[in-house]
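Written out below as structure tokens is the structure these notes cover.
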Amino acid sequence: MIALKPFKIEDWKYLKKWISSESELIQFAGPIFTYPIDKKQVEIYLSDLNRTVFKVENEHKKTIGIAEINLEQENIAKLARILIGEKSMRGKGIGTELINKLIEYGFNTLKKEKIILNVYSWNVGAIKCYEKAGFYKTEKPIQIIKVGNEEWETIEMEKNQHATRLSHTK
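Start counting the sequence shown at -9; every next residue gets the next number (our numbering).
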């Protein structure tokens, strides 16, 4: 069982601990931060009023991750920067539980009709987690992000509050 708590500036130490390379930072945050992440970058990040950032706590009140939900448009929220940072907590279903809590927050608290997210096409584990929660890939064109000498493709996924997943199966 996890809980979502406000991510505060003093929690930036978790990001510093969890993210040990530029590619890990880009996988987590896209181009929003530069490596190495520092407190000033996190202060600027947290100052965006369209962004709600949560720390993820386990049943022992230990911080194990971070997740964000953005006010993308009037009736759309966007999930972003989702990370189960404590590697020992991965593969235990926590990611699915986290996504479901974010969906509930987006639909019930923020009263949005649709929730979207971007994911790298090679991140099969994350894609399966999102699909399990009812997200499906959209027709939006793929974006390419340059990471070192590699090119990473991003895809958009969405979940509509009142639509059934079967109506979007392709």
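All C-beta atoms, glycine included, are put in the ideal place defined by N, C-alpha and C.
Which of helix, strand or coil DSSP assigns to Ala(-7): The residue labelled residue -7 in the question sits at position 3 within the sequence shown. In the structure shown, Ala(-7) sits in a strand (DSSP, three-state: E or B).
Where Glu148 falls, given that 16 or more other Cβ within 10 Å makes a residue buried: Along the sequence shown, read from residue 1 onward, the residue named residue 148 stands at position 158. Within a 10 Å sphere around the beta-carbon of Glu148 sit 16 or more other beta-carbons, which makes this residue buried.
Neighbourhood of Glu119 by C-beta, 7 Å cutoff - its chain only, sequence neighbours within 5 removed: Counting from one through the sequence shown, the residue named residue 119 turns up at place 129. Contrary to the premise, residue 119 reads as Cys rather than Glu in this sequence. Here the set comprises Gly85, Thr86, Ile89.
CA-to-CA distance, Lys30 to Ile117, given in whole angstroms: Locating residue 117 in the sequence shown gives position 127, counting from the first residue. Locating residue 30 in the sequence shown gives position 40, counting from the first residue. About 31 Å.
Alpha helix (DSSP H) runs wholly inside the stretch 97 to 125, at least 4 long, in chain order: Look at the stretch 97 to 125 and you find these whole runs of alpha helix (DSSP H), each 4 residues long or longer: 114 to 122.
With 16 other Cβ atoms within 10 Å as the buried cut-off, status of Val43: The count along the sequence shown starts at 1 and reaches residue 43 at position 53. Around the beta carbon of Val43, a 10 Å sphere encloses 16 or more other beta carbons of the protein chains shown; the residue is thus reported as buried.
Pairwise C-alpha distance: Ile(-8) and Thr144: The residue given as residue 144 occupies position 154 in the sequence shown. The residue given as residue -8 occupies position 2 in the sequence shown. Their backbone Cα atoms lie some 28 Å apart in a straight line.
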